Each structure stands twice: as structure tokens, then as C-alpha cells.
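Peer 1: Pasting in a structure now, in C-alpha cells, and then I'll have a few things to ask.
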Amino acid sequence: NAGVTQTPKFRVLKTGQSMTLLCAQDMNHEYMYWYRQDPGMGLRLIHYSVGEGTTAKGEVPDGYNVSRLKKQNFLLGLESAAPSQTSVYFCASSYREPHIQYFGAGTRLSVL
Amino acid sequence: DQQVKQNSPSLSVQEGRISILNCDYTNSMFDYFLWYKKYPAEGPTFLISISSIKDKNEDGRFTVFLNKSAKHLSLHIVPSQPGDSAVYFCAATFGNEKLTFGTGTRLTIIP
């Protein structure tokens, strides 16, 4: 039972490059989330989705885009990476209410 | 505007003793609170939660207390074990789709 899987686990980008982070869940959850974790800042919500085909902005959405074309997948895109986007990114999913979210292992991204 | 605050970045506790982790919040609309535990190189995992209609919830060695008048919640771990060494995040929500997380407290259990 895989749960929430994030791909890739590590990535180094140069400023201005683009990339997509993939999140896949096999629990048939309705809600999916993307967070970033920075030292001393806790987990901050970037974007989230309450169902297939829906997305919404979180606390820190600027510089990111998302898509949820299939219920099990939630993609996070960086169109033009900046050093300020160096962070650890976590994807999470929940069945209905946000109360118990299941997290992936994270993607460590460095933008040089 | 940090709506959920964990003012202690770190805490060290002797094995077998009680660990108390604290969390304060500013938004009186929050109606559900959670604690997550995170080991290095892993994602956070849900630990315990409490509804605003209760003031205590217990699950084995873990107990969460909620003081609504003080806008304060705490997590008690008794007895503390080496495997409890991790970063603990408190989180809160008020009936929508989002959780607001605190900044985390790193707990170290000393053998």
C-alpha cells in the first residue's frame, strides 16, 4: 500500500528553469495539497484541490501552478524557478475533511 | 500573521519523563486541532487530534489538552521514549478544507 508518492525525491535547478513535481495517491482521497517547508516557517500551503478538476490557492501560491486532471494525481509546476523556491515540498491527501492528511516523503528542491 | 504558534523551537527530555509540547493560536474560529509528528527525511504523520467541544483527548501515551479561553493546546507524552524524538507540529482548522500549521518543536529524548 503506497499511500502518497512524490516524484522526484531530489532536484537541482538553475534559475529560470521549469519543472513539475508529481504527487500520486492510491487511497481514493478527494482532497490533495501541496506544502513547502522552510526552516523556522513550518508547513505553508501552496495550492490545494477538493476534487478532480478543481484547484485553489493557499497561503503562498505565487510562482507555482497546479493541475488535478485525475483524482489520484496532483501536479505542482514551477514555470521559472527562483532561488527563493529552494525548499522541501510535501504533498498530502485526505479523504473528505482536512483533519487527517497523509503526507508523502517530500521533494528537496534546490534552485541555484 | 502567524495564527498558530509554537514558541519553543526545541525541547530535551529524559527518557521515562513527561514531555510537554505547547501551541498557541490567535484565531478563535478554529474548531479542530491536530498534532503531527515528523522524522527526518519523512513526511509528517498524524498523531492525535481534539475537537473544540472537548478539553482533553487521550490515546495511549499521548494526551492533548485544549484551553479555549487561553487559546492554548498542549501535547503530553508519558512516558517519553527514544522513538519519540522527532519534530512535532500542531495544526488547526475551522471547518474548511485547509490546515494551518505551527512552526514545529524538535523533541529530543535523552536516554
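Residue numbers (this note's numbering), protein chains in the order written: chain B, 1 to 112; chain L, 113 to 223. Idealized CB from N, CA, C, for every residue including glycine. Because the structure is a prediction, the values reported are computed rather than measured.
#1: Across which residues does DSSP place SER161/L in a beta bridge pair?
#2: Quick one: is LEU78/B near chain L, going by C-beta distance under 8 Å?
#3: Our contact map puts THR217/L next to SER140/L with C-beta atoms below 8 Å; I'd like the distance itself, whole angstroms only.
#4: When you compare the segment 130-139 of chain L with the segment 30-44 of chain B, are there three or more beta-carbon pairs, one atom per stretch, that lie closer than 8 Å?
#5: Please classify GLN37/B: does DSSP put it in a helix, a strand, or coil?
#6: Strictly under 8 Å for the Cβ-Cβ distance: is PHE74/B near chain L by that measure?
#7: Is any beta-carbon of chain D found at less than 8 Å from that of GLN101/B?
#8: For MET19/B, which of GLU52/B, SER80/B and TYR31/B has the nearest alpha-carbon?
#9: In the DSSP output, what is TYR200/L paired with across the bridge?
#10: DSSP state of GLY51/B, grouped into three classes?
#11: Straight-line CA distance for TRP235/L to THR7/B?
#12: Would you tell me roughly how many angstroms separate the C-alpha atoms of HIS184/L and ASN119/L, rounded to the nearest one?
#13: Return the CA-CA distance between ALA56/B and LEU187/L, expressed in angstroms with no decimal places.
#14: When we look at the beta-carbon of ALA182/L and count the other beta-carbons within 10 Å, is it buried (16 or more) or exposed?
#15: If we ignore side chains and look at the alpha-carbon of each, how far apart do ASP171/L and ALA82/B end up?
Peer 2: Let me lay it out:
#1: LEU146/L, per the DSSP bridge assignment.
#2: No, LEU78/B lies away from the interface with chain L (no Cβ there is under 8 Å from its Cβ).
#3: Not really, about 23 Å apart at Cβ, beyond 8 Å.
#4: No: the two stretches stay apart, fewer than three of their Cβ pairs being nearer than 8 Å.
#5: In the displayed model, GLN37/B falls within a strand according to three-state DSSP.
#6: PHE74/B does not count as touching chain L.
#7: Although the question refers to chain D, the structure presented lacks it and instead comprises the protein chains B and L.
#8: Relative to the Cα of MET19/B, the nearest Cα in the group GLU52/B, SER80/B and TYR31/B belongs to SER80/B.
#9: Within the DSSP bridge table, the entry for TYR200/L names LYS149/L and THR217/L as partners.
#10: GLY51/B falls in the coil class under three-state DSSP.
#11: A query on residue 235/L cannot be resolved here, the shown segment of chain L reaching from 113 to 223 and no further.
#12: One C-alpha to the other measures close to 12 Å.
#13: In this structure, the alpha-carbon of ALA56/B lies about 32 Å from that of LEU187/L.
#14: Result: exposed.
#15: Their backbone Cα atoms lie some 43 Å apart in a straight line.
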